[in-house]
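Novice:
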Amino acid sequence: MRKVGVFIDLQNIYLAVKTIEQKGKINFSVLKDFLCKDDEIVTMSVFTCYDPENKPQIDFINHIALLGFRVVTKPIKKLPDGTTKANMDLEMAMEVMNQARYLDVIVLVSGDGDFVPLINHLCSIGKFIKVIGPDHLTSPELIRACHVFINLNKIEGILLGE
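Counting the sequence shown from 1 gives a position; my numbering is that position plus 13.
Have a look at this one:
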């Protein structure tokens with residue numbers, strides 16, 4: 014049995030789907046079924062920042078956890094100028110690196126080109142890399158760096174309301 018690790022960049026996917034579809038809602042049950050359809054051992058981790066004062070957001074994070082995803086979070090940072098900082102790229106990359114030695118296949122669900130150096134390293138140590146990213150908003154460099162690219166928008170039923 015192959016061991017597969019799935020790592021989901023929730024902010025990137027949410028913003029891309031919202032931009033493309035004007036909805037921003039992924040059906041995580043469908044995503045889980047899509048990821049677990051083969052005879053493999055699959056671990057799934059979601060990375061996201063959250064606003065501790067946003068109850069619907071916390072409820073959504075809890076919902077994802079109840080579906081069987083490991084959820085790695087940190088609170089957003091509110092900067093003195095009133096803007097917020099919410100980025101989990103480093104945490105996600107560290108998790109992938111820490112788990113890579115135990116995995117045969119690594120699935121990155123993101124369109125963020127910042128992950129290209131990570132993918133290049135993983136390929137250099139013999140890992141098979143799949144990227145699932147949003148239509149038109151996935152970095153071309155990310156698509157070229159992986160072994161297989163899957164268009165998120167082509168997964169049947171992935172968007173809520175379909």
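Cβ coordinates follow ideal geometry from the N, Cα and C atoms, glycine included.
Treat the numbers as computed from the prediction; the structure is a model and nothing was measured.
Under the three-state reduction of DSSP, which class applies to residue 114: helix, strand or coil?
Specialist: In the sequence shown, counting from the first residue as 1, residue 114 sits at position 101. DSSP places residue 114 in coil when its eight states are reduced to three.
Novice: What ranges does the beta strand (DSSP E) occupy inside the region 14-62, keeping only unbroken runs of at least 3 residues that lie completely in it?
Specialist: Listed in chain order, they are 15-22.
Novice: Which word fits residue 96, buried or exposed, when buried means at least 16 other C-beta atoms lie within 10 angstroms of its C-beta?
Specialist: One-based indexing of the sequence shown puts residue 96 at position 83. The residue is exposed, with fewer than 16 neighbouring Cβ atoms inside 10 Å.
Novice: With DSSP as the reference, label residue 10 as helix, strand or coil.
Specialist: As shown, the chain starts at 14 and ends at 175. That puts residue 10 outside it, with no answer to give.
Novice: Is the beta carbon of residue 122 sitting closer than 9 angstroms to the one on residue 22?
Specialist: What you label residue 122 is simply residue 109 of the sequence shown in a count that begins at 1. What you label residue 22 is simply residue 9 of the sequence shown in a count that begins at 1. Contact flag set, yes.
Novice: Roughly how many angstroms separate the alpha carbons of residue 171 and residue 50, rounded to a whole number?
Specialist: Taking the sequence shown and counting its residues from 1, the one referred to as residue 171 is at position 158. Taking the sequence shown and counting its residues from 1, the one referred to as residue 50 is at position 37. Cα to Cα, the separation comes out at about 15 angstroms.
Novice: With residue 128 as the anchor, note down where its alpha helix (DSSP H) starts and where it stops.
Specialist: As a first step, residue 128 is located in the sequence shown; it is residue number 115 there, counting from the start. Neither: residue 128 is in no alpha helix (DSSP H) and is coded neither H nor E.
Novice: If you follow the beta strand (DSSP E) that residue 162 is in, where does it begin and where does it stop?
Specialist: As a working mapping, residue 162 is identified with position 149 in the sequence shown. Residues 161-164.
Novice: Using C-beta distances below 6 angstroms, list every residue in its chain close to residue 134, excluding the 5 sequence neighbours before and after it, in chain order.
Specialist: Here residue 134 refers to the residue found at position 121 when the sequence shown is read from its first residue. Counting only Cβ-Cβ distances below 6 angstroms, and skipping sequence neighbours, we find nothing.
Novice: Here's the rule I'm using: 16 or more other beta-carbon atoms within 10 Å means buried, otherwise exposed. How should residue 175 be labelled?
Specialist: By 1-based counting over the sequence shown, the position of residue 175 is 162. Residue placement at residue 175 is flagged as unreliable, the pLDDT there being 46, under the threshold of 50; the coordinate-derived value follows with that caveat. That one is exposed.
Novice: Per DSSP, what kind of secondary structure is residue 140 in: helix, strand or coil?
Specialist: Here the question's residue 140 lines up with position 127 in the sequence shown. It is coil, neither helix nor strand.
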